[in-house]
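Heads up: the structure comes next, in C-alpha coordinates.
In this note's numbering, the protein residues as written are 36 to 173.
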(Lines of atoms letter the chains of each structure in order from A and count residues from 1; the text may use other names and numbers.)
(Lines give C-alpha, C1' and ligand atoms only; values in the text may rest on other atoms or scores of the structure.)
Protein backbone atom coordinates (compact mmCIF):
# COMPACT_ATOMS: atom_id res chain seq x y z
CA UNK A 1 0.00 0.00 0.00
CA UNK A 2 1.25 3.46 -0.96
CA UNK A 3 1.04 6.15 1.73
CA UNK A 4 -1.04 9.26 0.93
CA UNK A 5 0.98 11.94 -0.85
CA UNK A 6 3.50 9.48 -2.30
CA UNK A 7 3.53 7.61 -5.58
CA UNK A 8 5.13 4.44 -6.82
CA UNK A 9 6.38 6.31 -9.90
CA UNK A 10 10.17 6.20 -10.09
CA UNK A 11 10.28 9.15 -12.52
CA UNK A 12 10.32 7.18 -15.78
CA UNK A 13 6.67 7.65 -16.72
CA UNK A 14 6.94 11.35 -17.71
CA UNK A 15 9.86 10.93 -20.13
CA UNK A 16 8.20 7.82 -21.60
CA UNK A 17 5.00 9.78 -22.35
CA UNK A 18 7.06 12.58 -23.89
CA UNK A 19 8.95 10.08 -26.06
CA UNK A 20 5.75 8.43 -27.31
CA UNK A 21 4.12 11.81 -28.01
CA UNK A 22 7.19 13.02 -29.93
CA UNK A 23 7.29 9.82 -31.98
CA UNK A 24 3.60 10.22 -32.87
CA UNK A 25 4.06 13.84 -33.96
CA UNK A 26 7.11 13.05 -36.10
CA UNK A 27 5.36 10.00 -37.58
CA UNK A 28 2.30 12.13 -38.40
CA UNK A 29 4.45 14.71 -40.19
CA UNK A 30 6.14 12.05 -42.30
CA UNK A 31 2.81 10.32 -43.07
CA UNK A 32 1.19 13.60 -44.16
CA UNK A 33 4.13 14.43 -46.44
CA UNK A 34 4.05 11.01 -48.08
CA UNK A 35 0.25 10.99 -48.37
CA UNK A 36 0.20 14.41 -50.12
CA UNK A 37 2.74 13.17 -52.67
CA UNK A 38 0.84 9.90 -53.20
CA UNK A 39 -2.53 11.61 -53.77
CA UNK A 40 -0.99 14.25 -56.05
CA UNK A 41 0.85 11.70 -58.19
CA UNK A 42 -2.16 9.36 -58.30
CA UNK A 43 -4.39 12.22 -59.50
CA UNK A 44 -1.90 13.15 -62.25
CA UNK A 45 -1.65 9.52 -63.40
CA UNK A 46 -5.45 9.10 -63.50
CA UNK A 47 -5.82 12.30 -65.53
CA UNK A 48 -2.96 11.37 -67.84
CA UNK A 49 -1.07 14.61 -67.24
CA UNK A 50 2.48 15.45 -66.28
CA UNK A 51 2.84 17.95 -63.46
CA UNK A 52 5.48 20.43 -64.59
CA UNK A 53 5.14 22.67 -61.54
CA UNK A 54 3.32 22.42 -58.24
CA UNK A 55 3.43 24.60 -55.16
CA UNK A 56 1.56 23.94 -51.95
CA UNK A 57 -0.56 26.89 -50.88
CA UNK A 58 -1.42 27.40 -47.23
CA UNK A 59 -2.94 30.88 -47.29
CA UNK A 60 -3.69 31.82 -50.89
CA UNK A 61 -5.85 28.86 -51.90
CA UNK A 62 -7.42 30.33 -55.00
CA UNK A 63 -10.97 29.12 -55.68
CA UNK A 64 -10.76 26.78 -52.69
CA UNK A 65 -10.03 29.46 -50.09
CA UNK A 66 -13.45 29.20 -48.48
CA UNK A 67 -14.12 25.48 -48.97
CA UNK A 68 -10.92 23.88 -47.72
CA UNK A 69 -10.79 22.04 -44.43
CA UNK A 70 -7.81 22.07 -42.14
CA UNK A 71 -6.70 18.57 -43.15
CA UNK A 72 -6.90 19.24 -46.89
CA UNK A 73 -4.04 20.43 -49.10
CA UNK A 74 -4.20 22.89 -52.02
CA UNK A 75 -1.60 23.13 -54.79
CA UNK A 76 -1.07 25.67 -57.55
CA UNK A 77 -0.20 23.48 -60.55
CA UNK A 78 1.01 23.62 -64.13
CA UNK A 79 0.15 20.42 -66.00
CA UNK A 80 1.00 19.12 -69.47
CA UNK A 81 -1.30 16.83 -71.42
CA UNK A 82 0.03 13.99 -73.59
CA UNK A 83 -0.41 16.14 -76.72
CA UNK A 84 1.87 18.84 -75.24
CA UNK A 85 -0.71 21.42 -74.22
CA UNK A 86 -0.20 23.06 -70.84
CA UNK A 87 -2.76 24.38 -68.39
CA UNK A 88 -2.51 25.95 -64.96
CA UNK A 89 -4.95 25.62 -62.13
CA UNK A 90 -5.62 24.64 -58.54
CA UNK A 91 -5.63 21.12 -57.10
CA UNK A 92 -7.27 20.29 -53.78
CA UNK A 93 -6.45 16.97 -52.11
CA UNK A 94 -8.38 15.19 -49.38
CA UNK A 95 -11.97 15.43 -48.31
CA UNK A 96 -14.08 16.81 -45.56
CA UNK A 97 -14.07 16.08 -42.60
CA UNK A 98 -11.14 13.62 -42.53
CA UNK A 99 -8.67 15.48 -44.75
CA UNK A 100 -5.97 13.34 -46.33
CA UNK A 101 -7.50 10.14 -44.96
CA UNK A 102 -10.02 10.47 -47.80
CA UNK A 103 -8.76 9.61 -51.29
CA UNK A 104 -10.21 12.63 -53.09
CA UNK A 105 -8.94 15.27 -55.51
CA UNK A 106 -10.63 18.26 -57.13
CA UNK A 107 -9.14 20.55 -59.77
CA UNK A 108 -10.12 23.99 -61.03
CA UNK A 109 -8.40 25.10 -64.23
CA UNK A 110 -7.71 28.80 -64.75
CA UNK A 111 -9.57 28.91 -68.07
CA UNK A 112 -12.61 27.19 -66.57
CA UNK A 113 -15.50 29.62 -66.24
CA UNK A 114 -17.07 29.84 -62.80
CA UNK A 115 -20.44 28.21 -62.45
CA UNK A 116 -23.24 30.72 -62.47
CA UNK A 117 -24.87 31.09 -59.07
CA UNK A 118 -28.59 30.84 -58.74
CA UNK A 119 -31.19 33.45 -59.62
CA UNK A 120 -31.18 36.57 -59.54
CA UNK A 121 -27.42 37.18 -59.71
CA UNK A 122 -26.22 39.12 -62.76
CA UNK A 123 -22.54 38.99 -63.68
CA UNK A 124 -20.73 42.20 -64.64
CA UNK A 125 -20.84 42.77 -68.36
CA UNK A 126 -24.10 40.89 -68.83
CA UNK A 127 -27.19 42.66 -70.05
CA UNK A 128 -29.91 43.13 -67.50
CA UNK A 129 -32.80 40.96 -68.58
CA UNK A 130 -36.09 42.64 -69.25
CA UNK A 131 -38.50 42.22 -66.36
CA UNK A 132 -41.61 40.25 -67.18
CA UNK A 133 -44.64 42.28 -68.25
CA UNK A 134 -47.39 41.50 -65.77
CA UNK A 135 -49.72 44.21 -67.08
CA UNK A 136 -51.20 41.87 -69.68
CA UNK A 137 -53.03 39.00 -68.09
CA UNK A 138 -55.18 36.42 -69.77
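Beta carbons: idealized from backbone N, C-alpha and C, even for Gly. Note that the structure is predicted; figures quoted are calculated from it, not measured.
Local conformation of residue i per DSSP, three classes
i           : result
residue 99  : helix
residue 94  : coil
residue 137 : coil
residue 62  : helix
residue 76  : helix
Whole-angstrom distance between residue j and residue i, CA atom to CA atom
i           : j           : result
residue 47  : residue 60  : 20 Å
residue 125 : residue 136 : 20 Å
residue 69  : residue 127 : 16 Å
residue 77  : residue 85  : 11 Å
residue 146 : residue 82  : 17 Å
residue 139 : residue 119 : 26 Å
residue 113 : residue 90  : 9 Å
residue 96  : residue 116 : 23 Å
residue 58  : residue 130 : 26 Å
residue 65  : residue 143 : 28 Å
residue 56  : residue 105 : 21 Å
For residue i: DSSP bridge partner residues
i           : result
residue 124 : 112, 144
residue 130 : 134
residue 56  : In the DSSP output, where bridge partners are listed per residue, residue 56 has none listed.
residue 87  : Note: residue 87 sits in no beta bridge, so no partner.
- prompt: Should the region 99-107 be called in touch with the region 69-79, which here means at least 3 C-beta pairs below 8 Å?
  reply: no
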